[in-house]
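Just below is one structure, and these are the notes that go with it.
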Amino acid sequence: MVGVRDADASSSLGARLPRFEDGPLVRGRGRFTADVPPARCLHAGFVRSPHPHALVDGVDVARAMSAPGVVSVLTAADLPHIPLVDAVAVPGLVRTPQPALAGERVRFVGEAVAMVLAGSRALAEDAADLVEVRYAVLPPVVDPRTATALPPLDPTLSSNEVYRGERATPGLEAAFAAADHVVEGTFSTGRLTAAPMEGRACSATFDPVAGALTVRSSTQSPHLLQRKIATCLGMDLAAVRVLVDDVGGGFGQKIPASPEEVAVALAARAVGRPVLWVEDRRENTVAGPQGKDQRVELALALDADGTFRALRCDVLGDAGAYSFNSASALIEAYLAAGLLPGAYRIPETGWRVRSVLTTKAPIAPYRGVGWTGGHTARELLIDRAARLLGRDPLDLRRQNLIRPGDLPYTTPTGMTYDSGSHLATIERAAKLVDAANVLPGPTADGHYRGVGISPYVEPSGWGSAGAAESSWSFASHDSVRVEMAASGAVTAVVGTPSQGQGHATSLAQVVASVLTCDPRRVRVVTGDTAGTPLSTAGTRASRVATVIGGALLHATERLAEKLALVAGHLLGADPGEISFRDGRAVAPSGSVGLAEIATAAVADPAVRAALPEPDLTATAFYDPPATYSNGCVAVVVDVDPGTGRVDVVDAAVVEDCGTVINPMIVDGQTLGAFAQGVGAALYEDADHAADGVPRATSFADYLLPTARCLPRVALEHLESPAPHTRGGIKGMGESAMIATPGAVACAVAAAVAPLGITVTHTPIRPHELVDPHRGPAR
Amino acid sequence: MLPDHRLVRPAADPVIVALTVNGEPARMTVETRTSLADALRDELGLTGTHVACEQGVCGACTVEVDGEAVRACLLLAVQAEGAEVRTVEGLAAPDEPLHPIQQAFTDHHALQCGFCTPGLLMTAHRLLTERRGLDEHEVRTVVSGHLCRCTGYQGIVDAILHADRAWERPDAPAAPTPPEEGP
Chain Z
828 MVGVRDADAS
838 SSLGARLPRF
848 EDGPLVRGRG
858 RFTADVPPAR
868 CLHAGFVRSP
878 HPHALVDGVD
888 VARAMSAPGV
898 VSVLTAADLP
908 HIPLVDAVAV
918 PGLVRTPQPA
928 LAGERVRFVG
938 EAVAMVLAGS
948 RALAEDAADL
958 VEVRYAVLPP
968 VVDPRTATAL
978 PPLDPTLSSN
988 EVYRGERATP
998 GLEAAFAAAD
1008 HVVEGTFSTG
1018 RLTAAPMEGR
1028 ACSATFDPVA
1038 GALTVRSSTQ
1048 SPHLLQRKIA
1058 TCLGMDLAAV
1068 RVLVDDVGGG
1078 FGQKIPASPE
1088 EVAVALAARA
1098 VGRPVLWVED
1108 RRENTVAGPQ
1118 GKDQRVELAL
1128 ALDADGTFRA
1138 LRCDVLGDAG
1148 AYSFNSASAL
1158 IEAYLAAGLL
1168 PGAYRIPETG
1178 WRVRSVLTTK
1188 APIAPYRGVG
1198 WTGGHTAREL
1208 LIDRAARLLG
1218 RDPLDLRRQN
1228 LIRPGDLPYT
1238 TPTGMTYDSG
1248 SHLATIERAA
1258 KLVDAANVLP
1268 GPTADGHYRG
1278 VGISPYVEPS
1288 GWGSAGAAES
1298 SWSFASHDSV
1308 RVEMAASGAV
1318 TAVVGTPSQG
1328 QGHATSLAQV
1338 VASVLTCDPR
1348 RVRVVTGDTA
1358 GTPLSTAGTR
1368 ASRVATVIGG
1378 ALLHATERLA
1388 EKLALVAGHL
1398 LGADPGEISF
1408 RDGRAVAPSG
1418 SVGLAEIATA
1428 AVADPAVRAA
1438 LPEPDLTATA
1448 FYDPPATYSN
1458 GCVAVVVDVD
1468 PGTGRVDVVD
1478 AAVVEDCGTV
1488 INPMIVDGQT
1498 LGAFAQGVGA
1508 ALYEDADHAA
1518 DGVPRATSFA
1528 DYLLPTARCL
1538 PRVALEHLES
1548 PAPHTRGGIK
1558 GMGESAMIAT
1568 PGAVACAVAA
1578 AVAPLGITVT
1588 HTPIRPHELV
1598 DPHRGPAR
Chain R
10 MLPDHRLVRP
20 AADPVIVALT
30 VNGEPARMTV
40 ETRTSLADAL
50 RDELGLTGTH
60 VACEQGVCGA
70 CTVEVDGEAV
80 RACLLLAVQA
90 EGAEVRTVEG
100 LAAPDEPLHP
110 IQQAFTDHHA
120 LQCGFCTPGL
130 LMTAHRLLTE
140 RRGLDEHEVR
150 TVVSGHLCRC
160 TGYQGIVDAI
170 LHADRAWERP
180 DAPAAPTPPE
190 EGP
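Chains Z and R are the protein sequences, given in the same order.
Take the first sequence: its letters are residues 828 to 1605, numbered as in our numbering.
Take the second sequence: its letters are residues 10 to 192, numbered as in our numbering.
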């Protein structure tokens, strides 16, 4: 481990602690949504459109209603509600409402048209087959480049283009005019799906006496879901309670409120019985929110010596059928443009961004959002520039990377990188894969090797300020509560559920670092909007460590001040003299343990008499300043020119997320995101055929990387603490998913360049890499 | 129009399946079409067996049936009549320490969300019951029968390699046959 200080006994920050949440999960005693069905619940099965685009002429539910076990069959007409609407307010964005169940028109294959409620999921699916929907098929809108030539998907729209924006620095054109070289390219990032191992799932129970709705969901954003459901159902926010326990992965797909979640809530209220929906893999693959899918045209202006002068992009995003609620049609193309310069000094930039509706599942956040596609395109272009200029790609990057002396560095797109180790991470990553000794051209076995070096910046820890630097509106409002019981046990209550990120451990380490106690004494509680402080955004955008960690530092410091008052009374010391060591309050006159302090605060009449409010609860709010993580992914690939097979044979990730709370968890996030990045580059494909029908419907055709697809990845951490966030903490959950597809694509591009093959999109398909001079395979 | 082949399936009489689960006799009342995974979850409350693809690809629902690691989504509950079934809950009782494989998974950060974990634990348990002295390539080959979306597998591979050394077990033969080279 390079650069991470040793975690000593007095500091729980930086300790490689095994996770507290693991015990129940490895014993098979987690609580996922499907594990806790409400008593007497009905099971929902959705009737979904087989057409990408059609008018719904009628729905006949009579046969389904009489099928065994069926209690109700509901259509849009049965469930009036306020539709879901994109919450993002960027000037010029057209927001399209999305109903829980499609009414007059279906806009993608898999869109729900009706809902069967039955005694079991199997019976609900039986009856769903009997619902007769009459469709009048309309032409699909498949290719985003021609989307504006087709009639709008929503008759209230003037066009399928829901956003168009342009921005440029004043010197852009002059920089291109004066450039010695201009290198251009068009690159596309294919449509992906997050594919959490647990699909979406929710249950809803309506209490007609209290007028209250309880929803249990596999969500990343319980407060957001609460707000969306309350709005859609016309209920008071306080009458909707959202519960979350274990969530089997999210990766962004579970940020938005799903139409299905709204439908389940509506149905529970309408029929007066609890309703449970557990998404199956086919539904998740076809109808769940998808990710990525953008086309990036780039032009880079360089001096003769390779210095980057200007970068221009034209990004076209495929939003799918709706500008999706809480995610937006802008989540891809617009964010890609904002991070256009990446980790490089590029004085002038310009961008044009368009986002269009198509008849595909809506685009929602997927780890790395638009940053992945923009980053991949830029890195492929830089490699192309290096080849054209006869430069070593690593050296060309080194020449143009942000240097320590440049920091803080403000990009022409308006992001201020607060700190970082851009040069150090690229040097280290290149060394770990021995990039200097990966020689171009065929190896002894006739395969081709290539190295890809992909230095990244991740806008992390999103609060209002970070979002504003991406010209994005974002309701960042996060509070936390820390309480100490009479036993000295600490409870930290937060509004951000975990989908595997290990918050129960890392956030406990944050709290324990202030109290100098054992992190095992700190229980992190989340997952109930009735009891957790507000987190409007929830768990997303690599923000929990920074935002919630920072809020917990502050709240725990406030709790420590209260403890010092009690301890001062007990020790006959001035509270200002109290410090904390090894879980004890220490004064010159002696020391007292946390449990004794807490017991005294609760039960000691003398303390009660001396301190009017011996309360051991503290809250804090935090909306952090912008901060940026950085690092570098380096990979070596081996391409078989006979079959086009690509093997990633070596890889390294060197990351810098400021203060590391738990390096084991950072490793895990990095390795997981790296694997997803390899999948995005080589295997995963949620493409649609020309008729608008999705090609992948299951794990048999949506190929996730397996253990045999991945090399052992070398990991190192450098630490450049954020100068302005509490504790110096930055976020890092998406880093390797931003940079890995670009690393793999660059490595493949380098490998096959001697064959005259260029790489312009991900996923890279094997047939594109077969040596054209070899003739047919024998 | 409704295609003719879409017929309502007749509601079948439920079937009682008697079997042994985690060493205890158990009875499940199921439809003949009910998968073993659904029956374990819904009839016996053993919700540690997770269902993630229902077509045998991902391995999340893996359990042991008569000493073989099987995908409980691909087996009908009625096929388990008289069988000895072990689920993840059977690796260690709630009041017992973790099984060495479970301990290795937590020690090596082999899980994040934990959804795929029970299936991997059962495959690892079967593998290490039958074999010892595995190398990384072999472990990766076996693990490649499972999908995990969180970890990138490195921690899982390390955990199984560690458990191979740490789990004191009687019967595993010392001279394994390497698996066939696959893609």
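Glycine is no exception: its CB is placed at the ideal position from the N, C-alpha and C atoms.
Values in this document were obtained by computation on a predicted structure and should not be read as measured data.
| query | result |
| --- | --- |
| Neighbour-count burial assignment, Z:THR1185, 16 or more Cβ in a 10 Å radius | buried |
| Contact list for R:ARG135 against chain Z, beta-carbon separation under 9 Å | Near R:ARG135 there are no residues of chain Z at all, since even the closest Cβ is about 16 Å away, more than 9 Å. |
| Rounded separation between Z:GLY992 and Z:VAL968 - CA only | 22 Å |
| 8 Å Cβ cutoff met for Z:LEU950 and Z:VAL1102 | no |
| 8 Å Cβ shell around Z:ALA1039 - same chain, five flanking residues per side excluded | PHE1033, ALA1066, VAL1067 and ARG1068 |
| C-beta atoms of Z:LEU1574 and Z:GLU848 nearer than 8 Å | Checking the displayed sequence, the identity of residue 1574 of chain Z turns out to be Ala instead of Leu. Not in contact: Z:ALA1574 and Z:GLU848 (Cβ atoms no closer than 8 Å). |
| Beta-carbon proximity check, Z:ASP887 vs Z:GLU952, cutoff 8 Å | no |
| Neighbourhood of Z:THR1237 by C-beta, 6 Å cutoff - its chain only, sequence neighbours within 5 removed | THR1243 |
| Distance, Z:SER1547 Cα to Z:ALA1245 Cα | It should be noted that the sequence gives Asp, not Ala, for residue 1245 of chain Z. One C-alpha to the other measures close to 10 Å. |
| CB contact below 8 Å: R:ASP116 versus chain Z | yes |
| The beta strand (DSSP E) enclosing Z:MET1286, as first and last residue numbers | Residue identity check: residue 1286 of chain Z is Pro in the sequence provided, not Met. Where Z:PRO1286 is concerned, the enclosing beta strand (DSSP E) stretches over 1275-1287. |
| Under the three-state DSSP convention, the category Z:PRO1590 falls into | coil |
| Alpha carbon of Z:VAL1473 to alpha carbon of Z:VAL1466, nearest angstrom | 5 Å |
| Under 7 Å from the C-beta of R:ALA69: neighbouring residues of chain Z | MET1024 |
| Terminal residues of the beta strand (DSSP E) in which Z:CYS1029 lies | 1028-1034 |
| Completely contained beta strand (DSSP E) runs for the region 977-1025 of chain Z, where each covers 3 or more residues | 988-995 and 1008-1019 |
| Under 8 Å by beta carbon: chain R residues contacting Z:ARG1370 | Ordered by position in chain R, no residue passes the 8 Å Cβ test against Z:ARG1370, which lies about 17 Å from the chain. |
| 7 Å CB neighbourhood of Z:TRP1289 in its chain, flanking five on each side removed | PHE1301, SER1303, ALA1368 and ARG1370 |
| Enclosing alpha helix (DSSP H) for R:ASP173 [first to last residue] | 163-175 |
| Buried versus exposed, by CB contacts within 10 Å (16 or more), Z:PRO1286 | buried |
| Other residues of its chain near Z:ALA1604: CB distance less than 7 Å, five sequence neighbours each side excluded | Caution applies to Z:ALA1604, whose pLDDT of 49 falls short of 50 and renders its modelled position unreliable; the model cannot decide the point. |
| contact_flag[the region 1041-1049 of chain Z, the region 123-134 of chain R] where n(CB pairs < 8 Å) is 3 or more | no |
| Within-8 Å CB hit, R:LEU83 to chain Z | no |
| Residues that Z:GLY1499 contacts on chain R, provided the C-beta gap is smaller than 7 Å | GLN121, CYS159, THR160 and GLY161 |
| Three-way DSSP call (helix, strand, coil) for Z:VAL1575 in this model | helix |
| Short CB-CB distance (under 8 Å) between Z:MET1491 and chain R | yes |
| Classification of Z:ASP833 by the beta-carbon crowding that lies within 10 angstroms, buried from 16 upward | Here Z:ASP833 scores only 45 on pLDDT, less than 50, and its place in the model is too uncertain to base an answer on. |
| Whole-angstrom distance between Z:ASP1063 and Z:PHE1078, CA atom to CA atom | 30 Å |
| Nearest-angstrom Cα separation, counted from Z:GLY841 out to R:ILE25 | 54 Å |
| 9 Å Cβ cut-off: residues of chain Z touching R:PRO109 | Near R:PRO109 there are no residues of chain Z at all, since even the closest Cβ is about 11 Å away, more than 9 Å. |
| Below-8 Å beta-carbon distance, Z:PHE1151 vs any chain R residue | no |
| Residue-chain proximity (R:LEU143, chain Z), Cβ-Cβ < 8 Å | no |
| Cβ contact (3+ pairs, closer than 8 Å) linking the region 926-938 of chain Z and the region 895-910 of chain Z | yes |
| Buried versus exposed, by CB contacts within 10 Å (16 or more), R:HIS146 | exposed |
| Burial state of Z:PRO1439 (16 or more Cβ within 10 Å) | exposed |
| Option nearest Z:ILE1190 by Cα separation, candidates Z:LEU1157, Z:ARG1218 and Z:GLY1217 | Z:LEU1157 |
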